[in-house]
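Numbering (this note's numbering), first residue to last: 4 to 364.
Just so it is clear, CB atoms sit at the ideal spot from N, CA and C, and this is done for glycine as well.
Each remark here refers to the structure printed beneath this line.
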């Protein structure tokens, strides 16, 4: 029998979010119902509210979540009721061309729940990234549940579900940061600060955090940046070169998603260095670079989607590092808020006042 729970929906483009009664059906084959304990407020949720993803309103927002599996449908074997899980939006299919080539972190056919959650009047909801976790409970594909050590705080663990994993993975998985490397990170919001933490985990010798907000640079320093550059204080490219013996950084991670900062990243890297784009551009943005420079500087220009992560591999490993005190996920939790605090959290996020507000249920 379907359950009725509270959920935060975006009713229409640009409209304030509100709490509604949500119908959550019993899980069908390959599905699971998860009782949500905590869910981070991500920029992607704001993009959904603003119509920047698509126009399939109303949306059930929230996706950076941790919770307890309540029930599972037929055929589910990887998780069972009572398991503590982080939700992910890359439930690999195992059958697409990426999976069959042994690259499941690029899965082109990730799974979501087949059934729809609805409003009380039967209106079907579009769950953000196939999750919809600003709710007491949500319905997902069982493959979206990654079991981790239950000793981890839900408020911190859930952030691996999107933004923090995106940044960590941009450094470790996509950028391939290695011991002794120099790394520059442009943009030190939640994703950029996570990239700083990832570079530190990977053993980078020099980590240069770049932003126009000294508060964010302070947060990046706490997470492992060895140097900071305020972009308002001069030429970013020249300052990175000054800090790297005149050469540029081995890996530059662009966590803003704008043409001007991408160009900075391109020229701030060493010859044969790597640029990783993890910031999300808007559809109208265009980039112009001299093709001869693209050829002549060599190296790699990469995009990082979800940090090229494989949740079943990366989430348990990162939670273990967190519990060992080697990865400070708690530092990303700027505040904990109730379910009715999401709209105010969007405002704080837009003003750069928080790394993450986290709804605790």
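From the listed residues 364, 310 and 314, the smallest Cα separation to residue 194 is found for 310.
In this structure, the alpha-carbon of residue 325 lies about 29 Å from that of residue 233.
In the three-state scheme derived from DSSP, where H, G and I count as helix and E and B as strand, residue 140 is classed as strand.
Excluding sequence positions up to five before and after residue 317, its CB lies less than 6 Å from no other CB in the same chain. When beta bridges are read from the DSSP output, residue 336 appears opposite no residue. A direct Cα-Cα distance of roughly 8 Å separates residue 173 from residue 306. Cβ atoms of residue 78 and residue 33 come within 8 Å of each other, at about 6 Å.
Pairwise C-beta distances place the stretch 337 to 348 in contact with the stretch 357 to 364, as three or more of them are shorter than 8 Å. Distance from the Cα of residue 333 is smallest, within the candidate group 254, 196, 262 and 272, for 196. Taken atom to atom, the span from the alpha-carbon of residue 90 to that of residue 8 is near 18 Å. Beta-bridge partners assigned by DSSP to residue 233: 214. In the DSSP assignment, residue 318 is bridged to no other residue. Put simply, the backbone Cα of residue 209 is about 11 Å away from that of residue 180. Of 285, 323, 269 and 321, the smallest CA-CA separation from residue 302 is found for 269. With 16 or more other Cβ atoms inside 10 Å of its own Cβ, residue 137 counts as buried.
Under DSSP, residue 24 takes part in a beta bridge, and its partners are 9. Distances from the alpha-carbon of residue 189 to those of 152, 148, 228 and 124 put 228 closest. Three or more beta-carbon pairs separated by less than 8 Å are not found between the stretch 132 to 150 and the stretch 272 to 284, which leaves the two stretches without contact.
Using a Cβ distance threshold of 7 Å, residue 70 and residue 39 count as a contacting pair. With a cutoff of 7 Å on beta-carbon distance, residue 148 and residue 41 are scored as not near each other. In this structure, the straight-line span from the alpha carbon of residue 298 to that of residue 275 is close to 10 Å. Counted as a single uninterrupted DSSP element, the alpha helix (DSSP H) harbouring residue 171 occupies residues 166 to 172.
Using a C-beta cut-off of 8 Å, the stretch 153 to 161 makes contact with the stretch 62 to 69, since at least three inter-stretch Cβ pairs fall below that distance. Under DSSP, residue 224 shares a beta bridge with no residue.
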